[in-house]
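Student: Sharing a structure, written as structure tokens. Questions coming.
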Amino acid sequence: MFLDPGMILRRTCVLVSTTASVLLLLLLYGGLSSQQRASSSTFRDYQLLGSPLYKLDLTWPRNPELFTGAAFAVAVNQYAGVVYVAQRGDNVPKMLVFSTDGHLLMSWNTTTLEMPHGMFVADAASSSPCVWVTDVGTGPYGHTVKQYSPSGKLLQVLGTPGQPGSGLNPLQFDQPAEIFVHSSGDIYIVDGDGGLNNRLIKLSQSWRFVTVDAAQRVWVADRGNKRIQVFNSITGEWLGTWGSCFTEDAPYSVRLTPDQKHLVVAQLNTNQLSVLEAPPVGVIGQCRVVSVIQLGEDTKPHLVDLDFKSGALYVAEIGAQQAQKFTPFSLGGNLL
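Read in full-length UniProt numbering, the sequence shown has 318 at position 318, and its numbers run on one by one without any break.
In structure tokens, the structure reads:
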């Protein structure tokens, strides 16, 4: 089923970047003393720098050898206790589905998914949740955003399969990088992991406006310009930018912690996860790094997601070809 944006979607485009690719990341609820763990063929050494906010869960997943491709994306349904990991590679399952305690539940090997890039679980609390995946493939199914059932049945396709472009009617993408779906049904898509487009698109199933965080802000990791940009989710107004925290490496993804006090940012080339202080309502100000998870060499963290219920942080790692789970330290008895 193809969604006709001219029929049921209101389209709003915001220019995000003028170079290279842009990775979204919007607000999911979801941050480190010095510590190392033993290296193995699957798990890499890591260090915790700054405030102790997260620790590695060595028991997740139970069978790490199940990872057989490059892990590009991870998404959590905290209500069902399920974690989705999207892989790339020849003759590998494109999706591995784990429980939050690390057991493999199922895998998908659908031909409709060429090169997964970004992912988001929508309607997680409902009886019919779905998994949205962006596909940057260049074949007949690529340049699209796809909606799947929890078991991997294709439900809907946004964009024009196999045809990159910038059009809005019919809707076209060129290597769509990431997606966020609000509880209202409004969809944010970052269109631009290379290719023609460097834009943030908002698709709305109604004329209602959407509130993304308590301060009505949308946070976007602008990889091409080594910065995080912030927009008003209602008006599209540009609220500010952070670049001083990213002089060595660009942000590849960003998520909010459950209390909305911190932003977790993946930096692929420096192999680290930075935890930034999220500003309150008002002036964005300057970015400030609270703590860092320094991963092993060539781990290449790409996208992250957080479990709203437990606060656990999941990381998809391209270089290490795995996903890992970090659990929050308790601060005063409370999760982050």
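Cβ coordinates follow ideal geometry from the N, Cα and C atoms, glycine included.
Going by other Cβ atoms of all chains shown within 10 Å of its Cβ, with 16 needed for buried, is L200 buried or exposed?
Tutor: Walking along the sequence shown from the start, residue 200 turns up at place 200. Result: buried.
Student: Any chance the region 94 to 101 sits against the region 154 to 164, with 3 or more Cβ pairs inside 8 angstroms?
Tutor: No, the region 94 to 101 does not touch the region 154 to 164.
Student: Could you have a look at I318 and say whether DSSP puts it in helix, strand or coil?
Tutor: On the sequence shown, position 318 is the one that residue 318 refers to. In this structure, I318 counts as coil in the three-state DSSP scheme.
Student: Just the C-alpha distance for T144 and P164, rounded to the nearest angstrom, thanks.
Tutor: As a position in the sequence shown, residue 144 is number 144, starting the count at 1. As a position in the sequence shown, residue 164 is number 164, starting the count at 1. Rounded to the nearest angstrom, the two C-alpha atoms are 9 angstroms apart.
Student: Nearest CA to the CA of W132: which residue from I284, Q147, A221, G319?
Tutor: By 1-based counting over the sequence shown, the position of residue 132 is 132. Per the Cα distances, Q147.
Student: For the beta strand (DSSP E) that contains L158, what are its first and last residues?
Tutor: Here the question's residue 158 lines up with position 158 in the sequence shown. From DSSP, the beta strand (DSSP E) with L158 extends over 154 to 158.
Student: Give me the Cβ distance between G142 and V290, rounded to the nearest whole Å; I'm assuming they're in contact under 8 angstroms.
Tutor: Sequence index remark: in the sequence shown, residue 142 carries index 142 (1-based). Sequence index remark: in the sequence shown, residue 290 carries index 290 (1-based). With a Cβ gap of about 38 angstroms, G142 and V290 do not count as contacting.
Student: Measuring alpha carbon to alpha carbon, tell me which residue in L171, Y314, Q267 is nearest Y252.
Tutor: For this step, residue 252 is matched to residue 252 along the sequence shown. Looking at the Cα atoms, Q267 is the closest of the given residues.
Student: Could you pull the start and end residues of the beta strand (DSSP E) that T144 belongs to?
Tutor: Within the sequence shown, the letter at position 144 stands for residue 144. Note, T144: beta strand (DSSP E), 144 to 148.
Student: Is it true that the CB of Q229 sits closer than 7 angstroms to the CB of D222?
Tutor: The count along the sequence shown starts at 1 and reaches residue 222 at position 222. The count along the sequence shown starts at 1 and reaches residue 229 at position 229. Against a cut-off of 7 angstroms, the Cβ pair of Q229 and D222 comes out as a contact.
Student: Ignore the nearest five residues each way along the sequence and tell me which others in L276's own chain have a CB closer than 7 angstroms to its CB.
Tutor: To locate residue 276, count along the sequence shown from 1; it is residue 276. The answer, listed in chain order, is C245, H262, L263, V265, C287, R288, V289, V290.
Student: Report the residue ranges of all beta strand (DSSP E) runs contained in full by the region 72 to 101; include only those spanning at least 3 residues, in chain order.
Tutor: Whole beta strand (DSSP E) segments, 3+ residues: 82 to 88, 95 to 99.
Student: Quick check: what's the CA-CA separation for V281 versus C130?
Tutor: Translated into the one-based positions of the sequence shown, residue 281 becomes position 281. Translated into the one-based positions of the sequence shown, residue 130 becomes position 130. About 32 angstroms.
Student: Could you pull the start and end residues of the beta strand (DSSP E) that S204 belongs to?
Tutor: Position 204 of the sequence shown, counting from 1, holds the residue named residue 204. Here the beta strand (DSSP E) through S204 covers 199 to 204.
Student: I'd like to know if the region 306 to 315 and the region 77 to 85 are in contact, where contact means that at least 3 CB-CB pairs between them fall below 8 angstroms.
Tutor: At 8 angstroms Cβ cutoff, the stretches touch.
Student: Measuring CB to CB, does D249 end up less than 7 angstroms from T270?
Tutor: For the purposes of this step, residue 249 is taken as the residue at position 249 of the sequence shown. For the purposes of this step, residue 270 is taken as the residue at position 270 of the sequence shown. In this structure, T270 lies closer than 7 angstroms to D249 by Cβ.
Student: Flag this pair as yes or no: are the beta carbons of A70 and I293 separated by less than 7 angstroms?
Tutor: Within the sequence shown, the letter at position 70 stands for residue 70. Within the sequence shown, the letter at position 293 stands for residue 293. For A70 and I293, no; Cβs fall outside 7 angstroms.
Student: When DSSP labels each residue in this structure, what does C130 get in the three-state scheme?
Tutor: Taking the first residue of the sequence shown as position 1, residue 130 is located at position 130. In the structure shown, C130 sits in a strand (DSSP, three-state: E or B).
Student: Can the beta-carbon of L203 be found less than 7 angstroms from the beta-carbon of I187?
Tutor: The count along the sequence shown starts at 1 and reaches residue 203 at position 203. The count along the sequence shown starts at 1 and reaches residue 187 at position 187. Yes.
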